[in-house]
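There are 2 protein chains.
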Amino acid sequence: MIRPTNRVPVSGLRGHLGRTVTICGWVRTLRLQGRMQFAVIRDHTGMVQVTHRRGGPGDALEAALESLTAESAVRITGTVTANPIVKLGGLEVVPESIEVLGRAETPLPIDERTGPEQRLDWRFLDVRLRPEARLAYAVQTTLEQGMREYAYAAGCVEMHTPKLMGTASESGAEVFRLDYFGRSAYLAQSPQFYKQMAVAAGIDRVFEIGPVFRAEPSFTSRHATEFTGVDVELGWIGGVSEVMAFEEDMLAHALARVADAHADAIGEHFGVEVTVPKTPFPRVTMAEAREILRRGGWDPAGAKADLDPAGERGIAAHVRAETGHDFVFVTDYPASVRPFYHMRPAGRPDLTCSFDLLWKGLEITTGAQREHRYDVLLRQAAEKGMGTGPLRDYLDCFRYGCPPHGGLGMGLGRVLMVLLGLDSIREVTFLFRGPNRLSP
Amino acid sequence: MIRPTNRVPVSGLRGHLGRTVTICGWVRTLRLQGRMQFAVIRDHTGMVQVTHRRGGPGDALEAALESLTAESAVRITGTVTANPIVKLGGLEVVPESIEVLGRAETPLPIDERTGPEQRLDWRFLDVRLRPEARLAYAVQTTLEQGMREYAYAAGCVEMHTPKLMGTASESGAEVFRLDYFGRSAYLAQSPQFYKQMAVAAGIDRVFEIGPVFRAEPSFTSRHATEFTGVDVELGWIGGVSEVMAFEEDMLAHALARVADAHADAIGEHFGVEVTVPKTPFPRVTMAEAREILRRGGWDPAGAKADLDPAGERGIAAHVRAETGHDFVFVTDYPASVRPFYHMRPAGRPDLTCSFDLLWKGLEITTGAQREHRYDVLLRQAAEKGMGTGPLRDYLDCFRYGCPPHGGLGMGLGRVLMVLLGLDSIREVTFLFRGPNRLSP
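In order, the protein sequence lines correspond to chains A and B. Its first residue numbered 540, the first sequence is counted upward by one per residue in the working numbering. Its first residue numbered 540, the second sequence is counted upward by one per residue in the working numbering.
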């Protein structure tokens, strides 16, 4: 058995000049000429040329190369040789053995001209063929790990809250229902109720990265029926501003890690500069935002209580022009557009202690201080016309000493979209799920 | 607003002797005597006594303490005072202000005599009342982070694979079905197919921690319908032994981190010593295991192809006696008890390149090298009587150059159970889900 310790990643070949090594990867291209045979091999770290001079009848290597197909998985042992005329780093591997570990059928089902839906059908090939698609997951790994690093240093505990719920959270719309041993269960739209429960359980600060599910028939570039949420909940806060401060510091920390690890690669593959944002981020109240937008002709009827995507882009452009900042917290959303459990500022029952965070005009987070006073919560639920029956487990959390708390939910895919300058969440999701897409 | 920067955790009070601080926590006990009032306050770091000498009529503090209820959430400002006769660390807080942030109703719905099911009904209180229950999540955080640290250093990329599938994986039994915009979707029993897809996509090594769902009507202490899985998939392996080597090194690394951070607390609260296991772990083939067990009277009819829980405990006891080791890999499971996609050793179609990892007699992992050759996979699926229709997306992955690969799935809750010496997975799961439990 060849052990991976013998395998040299393509990016490390320069350190083995003149030595015999084993490389493992896929056949990207083949060029079979009269005297010479060339194959370009791609692994997860780069591409290298394999060069063989034909030996004529009986040359097993010649025959092996002749019968290769594009995207076959191969293991090649050979000598790393400097050759200044080779484009891929001035290196080539002169093979001694070629082993096909997984033969690819021909032709491949996708190529450069394939449309986006068919590329999703063959996502594993789509991602394999495009180094930048794989880079997105390396960036995701660093980004998440940077957020965890910040959160744990700040006292968070990692929780895994259930995705199966006995009652539909919130309104019941946009929730997936499933068969559960003869009854119904529902998929969590957010870990929010459970992370609040953890705060009530004495877990001071909660961190979770996990799937969330939305039965929304939305077909936009930024919606999915299943996506990865980054959730934080902070106990004993003095106000929602603490949640915003936590988020901006966490993002700045994580983006600094991404810049350290991937700025060059992101620049090369996506043409985007990774900027570590200054803190604090600009803040604008919803009332101010509407005022600013209306001066620019947005919502001339004055009918919109919430920002639509055009409004989000408009306020982001304004803040960018005024401050040079790409992030902005929009705060104090009207109670009419926020759920019953958002806390309201003292004396302003029409507003909530809430925020959205926009990055380059895209909403990446919703957060709030939650109402923790049982009587106020009951009143606000009644005001929104909600029956307390399905909310019983949630409401019970507030009857036995619940501290003030607040938190945020961030869409990881949206953060990646903006970070990499991509147009669609489909591009950063390994296997996208939408109303019309459940496969592969 | 009081900002958390002013808040001192109870464990940090000693550093503030003689100073005025604010503590936030829950009223654990009240002792209201003729001249003195005592309250013990618990936060996420410990407990401290608050001591007040009654001032008589007009003493607002006296009135505040008099009206407190157990488990109310309070914020208390006062002076940290040394008092050697106080049991809780020889410290007390002499209050200047007492604020009730969340009043608890009386009586509490659970106490020390409450049975396990009702404790689960009031899980947030159950966890709040027991410091060791909260310790489990701090340990979980360190354990996970230790595993990630190892996995990333070893070249893994963190993936979030979909939990919604268009077809039922494997046999279709034990899979939850849900309504998905007028059709059916299924909840993933494991990220396995998708992490294999990621390897086929050129993501060399895959790491994921996320929920997995099993529609199994099991009521044992080690089963749940939703639990947290730790999944790894390694591309380009030379054999399944590489997967086992990865796992034992990852566990040893993560357990060393746990020992560093929590050995004392785990000893104190659970009476368990955290041992960092030596590597390599002992290995025993399934054939050897059966042989050993039968000598001890297990399965006298010779009818069992797989280990039952008694067999797992028996082989663990044997290995422990022979080697002193608490871990053992049981390898080479018969093909009859393993799924079609497990690779079989050359010339032994009756066996698989697979393993389980037992820790103190409990199965915590199943792993295998996967069959990556399309034709062999088709043959093995047919042999198991499986139609290829629902497997189409899976099988297509192997048609265009799939390298050898293998991986493992570990139950995080089971690892925690054994690590903390607990009897049931319910104890380490924040909100347990079983056939009869979907709430809170």
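All C-beta atoms, glycine included, are put in the ideal place defined by N, C-alpha and C. This one's a predicted model, so the numbers in the text were calculated from it and none came from an experiment.
- Burial state of Gly-810 (chain B) is exposed, judged by a 10 Å Cβ sphere holding fewer than 16 other Cβ atoms.
- Among the bridge pairs identified by DSSP, Glu-902 (chain B) is matched with B:Leu-897.
- The contact set of Cys-941 (chain B) on chain A, defined by CB atoms closer than 7 angstroms, consists of Ala-612 and Gly-641 in chain order.
- Under a 10 Å Cβ-count criterion, Pro-848 (chain B) is classified as exposed, with fewer than 16 other Cβ atoms of the shown protein chains found around its own Cβ.
- The residue from B:Val-613, B:Pro-756, B:Phe-758 and B:Leu-726 with its alpha-carbon nearest to that of Pro-750 (chain B) is B:Leu-726.
- Where Ile-964 (chain A) is concerned, there is no enclosing beta strand (DSSP E), because DSSP gives it neither an H nor an E.
- Taking a Cβ-Cβ cut-off of 7 angstroms, the neighbours of Val-666 (chain A) in chain B comprise Ala-740 and Gly-741, given in sequence order.
- The shortest CA-to-CA distance from Ala-921 (chain B) to any of B:Pro-878, B:Ala-740 and B:Arg-593 is the one to B:Pro-878.
- Excluding the 5 residues flanking it on each side, Ala-672 (chain A) has same chain C-beta neighbours closer than 8 angstroms at Asp-665, Val-666 and Glu-966, in chain order.
- With its beta carbon at least 9 angstroms from every one in chain A, Glu-786 (chain B) lies outside the interface.
- At a C-beta separation below 7 angstroms, Asp-932 (chain B) has these neighbours in chain A: Ser-978 and Pro-979.
- When the five nearest sequence neighbours on each side are left out, the beta carbons in the same chain lying within less than 7 angstroms of the beta carbon of Pro-670 (chain A) are those of His-808, in order along the chain.
- Under a criterion of Cβ atoms nearer than 8 angstroms, the residues of chain B adjacent to Tyr-733 (chain A) are, in order, Phe-969 and Leu-970.
- Within chain B, the residues Leu-977 have their CB atoms less than 7 angstroms from the CB of Ala-724 (chain A), given in chain order.
- Rounded to whole angstroms, the gap between the alpha carbons of Thr-608 (chain B) and Leu-571 (chain B) is 12 angstroms.
- Look at the stretch 673–686 of chain A: the residues with a C-beta under 8 angstroms from a C-beta of chain B are Arg-673, Tyr-676, Ala-677, Gln-679, Thr-680, Glu-683 and Gln-684.
- Within the DSSP bridge table, the entry for Gln-576 (chain B) names B:Leu-571 and B:His-591 as partners.
- Rounded to whole angstroms, Gly-928 (chain A) and Leu-901 (chain B) show a C-alpha spacing of 40 angstroms.
- The contact set of Tyr-691 (chain A) on chain B, defined by CB atoms closer than 8 angstroms, consists of Thr-680 and Gln-684 in chain order.
- In its chain, beyond the 5 residues on either side, Arg-546, Asp-582 and Arg-614 have a beta carbon closer than 7 angstroms to the beta carbon of Cys-563 (chain A).
- The alpha helix (DSSP H) runs lying completely inside the stretch 835–903 of chain B and spanning 4 residues or more are 848–862, given in chain order.
- Proximity of Ile-748 (chain B) to chain A, defined by a Cβ-Cβ separation below 9 angstroms, is satisfied.
- At the C-beta level, Pro-730 (chain B) and Met-783 (chain B) stay beyond 9 angstroms of one another.
- DSSP, reduced to helix, strand and coil, places Leu-552 (chain B) within a helical segment of the structure shown.
- For Pro-634 (chain B), the secondary structure class from DSSP, reduced to helix, strand or coil, is strand.
- Beyond the five residues adjoining it in sequence on each side, Phe-866 (chain B) comes within less than 6 angstroms, by CB distance, of Pro-816, Phe-820 and Trp-898 in the same chain, given in chain order.
- Considered as a whole, the stretch 790–836 of chain B harbours 825–834 as its complete alpha helix (DSSP H) runs of no fewer than 4 residues, in chain order.
- The C-alpha of Cys-936 (chain A) is placed about 11 angstroms away from the C-alpha of Leu-916 (chain A).
- Within 10 angstroms of the beta-carbon of Glu-656 (chain B) lie fewer than 16 other beta-carbons, which makes it exposed.
- The beta carbon of Glu-651 (chain A) does not come within 9 angstroms of any beta carbon belonging to chain B, so the residue lies off that interface.
- For Arg-546 (chain A), no beta strand (DSSP E) segment is defined, and its DSSP state is neither H nor E.
- DSSP, read as helix, strand or coil, puts Met-704 (chain A) in strand.
- Going by C-alpha positions, Ala-677 (chain A) is about 48 angstroms away from Asp-650 (chain B).
- With contact defined as three or more Cβ pairs closer than 8 angstroms, the stretch 691–698 of chain A and the stretch 740–758 of chain A are in contact.
- Taking the C-beta atoms as reference points, Ile-637 (chain A) is found nearer than 9 angstroms to Leu-600 (chain A).
- Within a 10 Å sphere around the beta-carbon of Asp-770 (chain B) sit 16 or more other beta-carbons, which makes this residue buried.
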